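Notes for the one structure printed next.
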Amino acid sequence: MMAAPMTYSVGGVQYVAVAAGYGGLVLSSHPPGAAANDYVNRGRMLVFRLDGAATPLPEKRAVQEPNPLPPLTKLTPDQIQRGAELFKTHCVRCHGAGTGPGQSGFPNLFDMQPAIHEAFEAIVLRGAYSYGGMASYADVLKDDDAGALHGYLIDQAHKLRAGARLEPAARVH
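Residue numbering for the sequence shown follows the UniProt record's numbering, starting at 1 and increasing by one per position.
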């Protein structure tokens, strides 16, 4: 639930309405077993009639095959660590820590499509997806930063696919 419920009456029938869906202060930190991990959680209004019938659950998330992994980069461990720090500072709030199926509705950066890898710098530095809400970060990131960030995401994608846990820098705090 996103807000406190409110109640109203129409024609002598009482209703309770509440805003529901994904968002709010803590975006991508659902604990294991939370319903938001399994069910599509689009923003919507839930309205209940006090003498009404059962409300159906939203559809379950479809299991998707992971995207192909790009080759590992030739970045140094220091550059990968710099990418981890940049991810924690600028990305994790919306995109999550890569531990779930993109609960926030924003793309999971640890499972990007090949075209996104190819356009990564254009997206991050030149606002190629600004029409959809992904603004340019050119005011706070430089070319080397975008390369380190992309390298970190690729490095972690390989580790996650191999069953490893994320590096601590990628966890939501």
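C-beta: ideal position from N, C-alpha, C; glycine also. Every value quoted in this text rests on a predicted model; they were computed, and no experiment measured them.
**Message:** Would His90 and Val140 be called neighbours here (beta carbons separated by less than 8 Å)?
**Reply:** On the sequence shown, position 90 is the one that residue 90 refers to. On the sequence shown, position 140 is the one that residue 140 refers to. Cβ atoms of His90 and Val140: closer than 8 Å.
Item checked: Cβ shell of Gln14 (< 7 Å), same chain only, five flanking positions each side left out -> Translated into the one-based positions of the sequence shown, residue 14 becomes position 14. Closer than 7 Å at the Cβ level, and outside the excluded window around Gln14, lie Thr7 and Leu50.
Beta-carbon gap between Val86 and Asp145 smaller than 8 Å:
Here the question's residue 86 lines up with position 86 in the sequence shown. Here the question's residue 145 lines up with position 145 in the sequence shown. Correcting the residue identity first, residue 86 is Leu in this sequence and not Val. Result yes, Cβ atoms of Leu86 and Asp145 sit closer than 8 Å.
**Request:** With distances taken Cα to Cα, identify the nearest neighbour of Ser9 among Ala17, Thr76 and Met112.
**Result:** Working through the sequence shown from its first residue, we reach residue 9 at position 9. Checking every option, the nearest Cα to that of Ser9 belongs to Ala17.
Worksheet item: Using the C-alpha atoms, what's the distance from Ala162 back to His117?
Response: As a working note, residue 117 is residue 117 in the sequence shown. As a working note, residue 162 is residue 162 in the sequence shown. The alpha-carbon atoms of His117 and Ala162 are separated by roughly 20 Å.
### Message
Contact defined as beta carbons within less than 8 Å: I believe Arg44 pairs with Ala62. What is the distance between those atoms, to the nearest angstrom?
### Response
Within the sequence shown, the letter at position 44 stands for residue 44. Within the sequence shown, the letter at position 62 stands for residue 62. Not quite, the Cβ-Cβ distance comes to about 19 Å (not below 8 Å), so this is no contact.
*asked:* Output needed for Asp143: all residues of its chain with C-beta closer than 8 Å, excluding positions within five of it in sequence on either side, in chain order.
replied: As a first step, residue 143 is located in the sequence shown; it is residue number 143 there, counting from the start. Here the set comprises Glu121 and Leu125.
Output the distance between the C-alpha atoms of Ala128 and Gly11, rounded to the nearest integer angstrom.
The count along the sequence shown starts at 1 and reaches residue 128 at position 128. The count along the sequence shown starts at 1 and reaches residue 11 at position 11. Each residue's Cα considered, the two are about 50 Å apart.
Worksheet item: Considering only residues of the UniProt domain "Cytochrome c" (78-157), which uninterrupted alpha helix (DSSP H) runs meet the minimum length of 4 residues and lie entirely inside it, listed in chain order?
Response: 92-95, 114-118 and 120-126
- Secondary structure of Leu46, DSSP reduced to three states: Locating residue 46 in the sequence shown gives position 46, where the first residue counts as 1. Looking at Leu46 - three-state DSSP - the assignment turns out to be strand.
* To do: Please work out which residues of its chain come closer than 6 Å, Cβ to Cβ, to His150, disregarding the five sequence neighbours upstream and downstream, and give them in chain order.
  => Along the sequence shown, read from residue 1 onward, the residue named residue 150 stands at position 150. Excluding sequence neighbours, His150 sits near Phe120.
Euclidean distance between Cα positions of Glu65 and Pro56
Walking along the sequence shown from the start, residue 65 turns up at place 65. Walking along the sequence shown from the start, residue 56 turns up at place 56. Each residue's alpha carbon lies about 27 Å from the other.
Margin query: Within 10 Å of its beta-carbon, does Leu25 have 16 or more other beta-carbons around it, so buried, or fewer, so exposed?
Written below: Counting from 1 along the sequence shown, the entry for residue 25 is found at position 25. Model confidence at Leu25 stands at a pLDDT of 49, short of 50, so the residue's coordinates are unreliable and nothing is read from them.
_So, at 7 Å on beta carbons, what are the nonlocal neighbours of Ala157 in its own chain, with the 5 sequence-adjacent residues on each side left out?_
By 1-based counting over the sequence shown, the position of residue 157 is 157. Around Ala157: Leu69, Phe110 and Asp111.
| Alpha-carbon spacing of Ile154 relative to Ala135, whole angstroms | In the sequence shown, residue 154 corresponds to position 154, counting from 1. In the sequence shown, residue 135 corresponds to position 135, counting from 1. Rounded to the nearest angstrom, the two C-alpha atoms are 21 Å apart.
**Prompt:** From Arg82 to Thr73, what does the alpha carbon distance come to, in whole angstroms?
**Reply:** Along the sequence shown, one-based indexing puts residue 82 at 82. Along the sequence shown, one-based indexing puts residue 73 at 73. Distance between the alpha carbons of Arg82 and Thr73 is about 14 Å.
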